[in-house]
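S.K.: Residue numbers (the numbering used here), protein chains in the order written: chain U, 1 to 223; chain P, 1001 to 1217.
Quick reminder that beta carbons are idealized off the backbone N, C-alpha and C, glycines included.
(1) Does the beta-carbon of residue 1099 of chain P have 16 or more other beta-carbons within 10 angstroms, so that it is buried, or is it exposed?
(2) Just to confirm before moving on: does the CB-CB distance between residue 1061 of chain P and residue 27 of chain U stay below 8 Å?
(3) Figure out for me which residue from U:148, U:90, U:5 has the closest Cα to the Cα of residue 168 of chain U.
(4) Compute the distance between the beta-carbons of residue 1207 of chain P and residue 1154 of chain P, then report whether it is under 8 Å.
(5) Closer than 8 Å by C-beta to residue 191 of chain U: which residues in its own chain qualify, once you throw out the five before and the five after it? Chain order, please.
(6) Could you spell out the range, first to last residue, of the alpha helix (DSSP H) harbouring residue 1071 of chain P?
(7) Of the residues P:1039, P:1070, P:1201, which one's Cα is nearest the Cα of residue 1143 of chain P?
(8) Does the Cβ of residue 1209 of chain P have 16 or more other Cβ atoms within 10 Å, making it buried, or fewer, making it exposed?
(9) Are the C-beta atoms of residue 152 of chain U and some chain P residue less than 8 Å apart?
(10) DSSP three-state call for residue 68 of chain U: helix, strand or coil?
(11) Starting from residue 33 of chain U, trace the alpha helix (DSSP H) in both directions and tell me its first and last residue.
(12) Hey, how far is the Cα of residue 1106 of chain P from the Cα of residue 1213 of chain P?
(13) Does the stretch 1081-1096 of chain P come close enough to the stretch 1014-1026 of chain P to have 3 or more Cβ pairs within less than 8 Å?
(14) Quick check on DSSP: helix, strand or coil for residue 1004 of chain P?
(15) Using beta-carbon positions only, say whether residue 1063 of chain P and residue 31 of chain U come within less than 8 Å of one another.
(16) So with Cβ pairs under 8 Å, would you call residue 63 of chain U a contact of chain P?
(17) To the nearest angstrom, how far is it from the Cα of residue 154 of chain U to the Cα of residue 55 of chain U?
(18) Could you tell me the distance, in whole angstroms, from the CA atom of residue 223 of chain U to the CA atom of residue 1012 of chain P?
(19) For residue 62 of chain U, name the three-state secondary structure that DSSP assigns.
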C-alpha cells in the first residue's frame, strides 16, 4: 500500500482536538438537559393532557422519528431564516439535536410512566394529593427506575449524532477534524483520532450513567 | 438564483431512487455481515466472540459519519478508489452489520436451548443445525426489530450526502443552492423520507404486537 501514517501533525493539532471534544461535550450535555426537561413535559401532556395536545405530541414524535436528523438540521438552520429567525450554527445544531432527541425520549418517559400501576395514582389521589403532586411525588420517582437505563443509551446516541452538526459547521469535534484534515491533508489520521475520542466519550458517558443509576437506585435491581 | 418549478420536485423524487437503492444495498450488505457477527458472537471460540464484540462496540460507539469518512478516505489510502457511492454502501453495510448482528444474536439466543441439544443428539453438524433448526425459529423473533432497524437505515443514508453522493438529501442541497427556497425544499425532502419510513414504522409496530400476542398464549 505504501502509505505512511503520520500522526505527528495530529499531535501538533492536539489543542484543536481537545477544543473540539469539549465543544461536543458542551453541545451534547446542554442538549441532554433540555431534552430531559422537554421529554418529561411532553410525556406528561402525552399521557394526561387534553386531546388535541396529545395528538400534537404524537404527530411531532412520528414526524421526527421518520425523517433524518441531517434534514432536520438543514430545515431548521436554512429554513427558519426565511421567517426572519436567524440562528448561529451552534444554536441551530442545539435546537435540532434537542428536538430530535426529545421525540425519542418522550416515548421512553411515557413508557416509564405507563409502567406504574394505576393503583398508585388512585391511592395518592385518595390521600388528597393534587394532580401535579401525584405525578411529581408518586409516579415519577418510581418511573425513573424504568426510564433511566434506556435514557442513558439514548443520550449516548445523541452525543454521537451531534457529529452530524458538522454539516452546518457548528463548533464540535467532527468540524474540528474536518478543519484539521483540510489543512494537513491527513484525512485518515484526523478521523481516526476523532473516532477514538468519540469512542472514549461514549465509554465515559456510559460509565457516568451507570454510576448515576447505582447512586440513585442502589445496587439491587427490583424485578 | 432561479425560481422553483415543478420539474424540480420531479428531480427530488428521482433522487429518492438513490436513497432507496442505497438503503437496499446497505441492508443486503448489513444482513451478510450481521449474520456473521451474530454467529461469531455466540460461537464456541473465544477469539471469534471477542472479535464480534469488538466490532459491535466500535461501530456502536463512534458516529456513523466518522465511519463513512474513514471508509471514504481509508479505501483511497489502500489503493482502491471506491468513490462516494461504494464508500457509502460499504460504510453503511458495516454499520448496519453491527446493529443487525446484535439484534439477531438476541433472536438466536431466544430459541430454547433444548432445540440445539435435540439437533445435536440427532447428529446434525453446525451448518444444518443452524440453518435448519435454529435460524428458522429465530427468524420469527427477528423480523419486527429488523423492520424497525430498516427505518434507521433509510434515515442513515442521508449522511452519504456529506461525502458527496447525490441521493435525496444532497439533491435537496443542490436544489436549495440554485433556488434558495430552503423551507419548501427541505420540507419536501423530509416529506419524501417520511413517506419512505412511515410504512416501515407502522409495519414494525404491527408485527411486534402480533408477535407479543402469539407468545402470550
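M.R.: Considering the structure as presented:
(1) buried
(2) no
(3) U:90
(4) no
(5) 177, 181
(6) 1064-1077
(7) P:1201
(8) exposed
(9) no
(10) coil
(11) 14-48
(12) 19 Å
(13) yes
(14) coil
(15) no
(16) yes
(17) 24 Å
(18) Bear in mind that a pLDDT of 46 at residue 223 of chain U, under 50, signals an unreliable position, so the model cannot answer this.
(19) helix
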